[in-house]
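When the letters of the sequence shown are read in order and numbered with the UniProt record's numbering, they come out as residues 1 to 516. Glycine included, every Cβ here is placed at the ideal spot set by N, Cα and C. Structure first, commentary second.
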Amino acid sequence: MFSLDLICCENDNEIFHDQVVALAPNVPALYELHFGVPMAGAVLSALNTRLDAPTLALILEQLEAKLIFVDYQYTDAALKALELLSRKNVSPPHVVVIPECDKSASSMDHKHIASDLDYNCLLEMGRDDFRIIRPSNECDPISVSYTSGSTGKPKGVVYSHRAAYLNSMAEIFRFEMRQMPVFLWTVDMFRCNGWCLAWAMAAVGGTNICLRNVSAEIIFDAISLHKVTHFCGPPAILNTIANAPATVSSRSPLSRSVNVVVAGSLPNPEILAKVEGLGFNVYDGYGMTEALGPATVRPWKPEPDSPLEIEQEIIRRREGLHNLLIEGVDVKDPKTMKSVPNDGKTIGEVMFRGNILMSGYLKSTETTRETMKGGWFHTGDLGVRHPSGFVQMKDRAKDIIISGGEAVSTLEVEAVLLSHPEVSEAAVVGQPDAVLNEVPCAFVRLKEGFGASAEDIIEFCGDQLPDHMIPKSIVFGELPVNFSGKVQKFFYEGDGQRQHQPCQLGIPLRLSICLQ
């Protein structure tokens, strides 16, 4: 039998309790674990269900997990990961299987891990006289989330009780949640604990509509049947809504207001307009795992006397007012740590500071110190601040292209590419050039059934971008993405350096496997 008794260890100012892992989709059990695990004095780590077995094994080893809750759909992946741990003589965690609703793990005919017990049996073992083990300090850890960024191996990000509490309160305010909202779980709970909305919903007495799978029909059905008031997720959720069959989307316009927050990457402007036309109130968030989710949120509302086409989209991509519970959001010169002028031109690094940020990276003291240098969290994102005070993202610091001495924002080029009516996905990287050092090269996936040529797309960009920002070559095919759906630009590059092989028109060189 296993125990969730408090076990503390201290190493380089890192203090952790028992680690409990969950590998499950958005099911009620995962929501319950967000409360049961901390109440037992342990730390929850909800993992991405798309992780492969080697990555899962690596994380389990780093966490020194004592217990893992595995949904019945993911037992095969968990089994492979546990086998990898055994080969390394690493003690595997105890296993609890989360069965299909109203079934026990032992009664199900699918292949599953031999576990200590199933989730329903564990619930039956509960005691009414159980006393909650409260944190001794508000800075004690409550969870560990893993980054899923575009730079390779994920890192464990430690959240404190204080940061989780403050961010939960902030979500209630900025998401305009009144008492007893109805939240549709289209954002993965393993992403920053559902952007801390798992706890926020409990605070306002909300109803949780848990979804094992997401589709347009399910979303519209839930809005109709359960009176959904809020949901959120990556821009892909907007694609799902906008591309719904007429038989599904005909249920709109919506009979009530539904607020939607999207974050993670830039929404396609065409998709955004279509979703807004259906009656959804869309808010754009900017943040990251280290900020427990979105750190800034703003509504997608047109600004007075501004153009409605691509220029308007550039305006919309200015990030919103920062979370009122975060001390500061600034754009600074990372060398001098001085704020850049509010001129909309001077590029600096976007930085955060405040009590809703992570405590640090798990077992990575040096990385934490480097990231928090100067008392600010360095996001690695480049941006400018406009006279209005809004911040506009320009690019990841590692992705900016210097072409003939001019800085090229790959995000802005991608925004133009995504506004093309036949383009579904786009990624822009630097292609070495003998004269200009680098020039933009675009990797593009077209919408199904369309056949725009490279010349068509380059001409389209030429109508909306200055010459130095126009992609000089186009590569068609699927884009390489990680387990969170983020484009892995480092696949186009060599160990963080620009490839010295030319990116030729229509011929994927390093991505001959990924781009078919």
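* Decide if S409 is buried, meaning its Cβ has at least 16 other Cβ atoms within 10 Å, or exposed. => Answer is buried; the Cβ neighbour count reaches 16.
* Could you name each continuous beta strand (DSSP E) segment of 3 residues or more that falls completely within the UniProt domain "AMP-binding enzyme C-terminal" (412-486), going from the start of the chain to the end? => The qualifying runs are 423-433, 437-446 and 473-476.
* List the endpoints of the continuous alpha helix (DSSP H) containing T75. => Here the alpha helix (DSSP H) through T75 covers T75 to R87.
* To do: For the beta strand (DSSP E) containing I401, list its first residue and its last residue.
  => Taken as a continuous stretch (DSSP letters only), the beta strand (DSSP E) holding I401 covers I401 to S403.
* Counting Cβ pairs closer than 8 Å, one from the segment 338-347 and one from the segment 382-398, do we hit at least three? -> With the cut-off at 8 Å, the segment 338-347 and the segment 382-398 touch.
* Spatial neighbours of S140 within its chain, please: CB distance less than 8 Å, with the 5 preceding and 5 following residues excluded, ordered by chain position. => Note on residue identity: the sequence assigns Asp, not Ser, to residue 140. Closer than 8 Å at the Cβ level, and outside the excluded window around D140, lie I15, H17, S160 and H161.
* To do: Return yes when the Cβ of N243 is within less than 8 Å of the Cβ of V260, no when it is not.
  => Contact flag unset, no.
* Asked: In its own chain, which residues sit with a C-beta less than 6 Å from the C-beta of V214, not counting the 5 before and 5 after it?
  -> Cβ within range, chain order: T186.
* Please check the pair W195 and A164, which I expect to be a contact at CB under 8 Å, by giving their CB distance rounded to whole angstroms. => For a cut-off of 8 Å, the C-beta gap from W195 to A164 is around 11 Å, too long to register as a contact.
* **G404 classed as buried or exposed, judged by whether at least 16 other C-beta atoms fall within 10 angstroms** => Result: exposed.
* Which residues DSSP lists as bridging E406, in chain order -> As DSSP reads the structure, E406 sits in a beta bridge with S403.
* Given 8 Å as the limit, is there contact between the segment 264-278 and the segment 360-371, that is, 3 or more CB pairs closer than that? -> No: the two stretches stay apart, fewer than three of their Cβ pairs being nearer than 8 Å.
* List the DSSP bridge partners of L23. => Bridge pairing for L23: V70 [DSSP].
* **Cross-strand partners of G328 (DSSP beta bridge)** => When beta bridges are read from the DSSP output, G328 appears opposite R353.
* Tell me, please, whether the CB atom of L67 is closer than 8 Å to any CB atom in chain B? => Reference to chain B is not applicable here, since this structure consists of a single protein chain.
* Among V21, G451 and V331, the one whose alpha carbon lies nearest that of N48 -> For the options V21, G451 and V331, the alpha carbon positioned closest to that of N48 is the one of V21.
* To do: Please confirm whether G389 and R353 have their CB atoms less than 8 Å apart.
  => Result no, Cβ atoms of G389 and R353 do not sit closer than 8 Å.
* Who pairs with F130 in a beta bridge, going by DSSP? -> BP columns for F130 are empty, so no partner.
* Asked: Under the three-state reduction of DSSP, which class applies to K394: helix, strand or coil?
  -> DSSP places K394 in strand when its eight states are reduced to three.
* Where does S143 fall in DSSP's three states? -> Note: S143 maps to strand in three-state DSSP.
* **Supposed contact pair L417 and I457 - C-beta distance, whole angstroms, cut 8 Å** => Indeed, because the Cβ distance is near 7 Å, the residues count as touching under 8 Å.
* Take the Cβ of L308 as the centre, count every other Cβ of all protein chains shown within 10 Å, and call the residue buried at 16 or more, exposed below. => Caution is warranted here: a pLDDT of 40 is assigned to L308, below 50, making its placement in the model unreliable, and no coordinate value can be reported.
* Enumerate in chain order the residues of its own chain whose CB-to-CB distance from L122 is below 8 Å, with the five nearest sequence positions on each side excluded. => Short of 8 Å from the beta carbon of L122, and not among the five residues preceding or following it, lie these beta carbons of its own chain, in chain order: V96.
* Nearest-angstrom Cα separation, counted from Y146 out to D495 -> Unreliable positioning characterises D495 in this predicted model, as indicated by a pLDDT of 33, which lies under 50. A coordinate reading is not provided.
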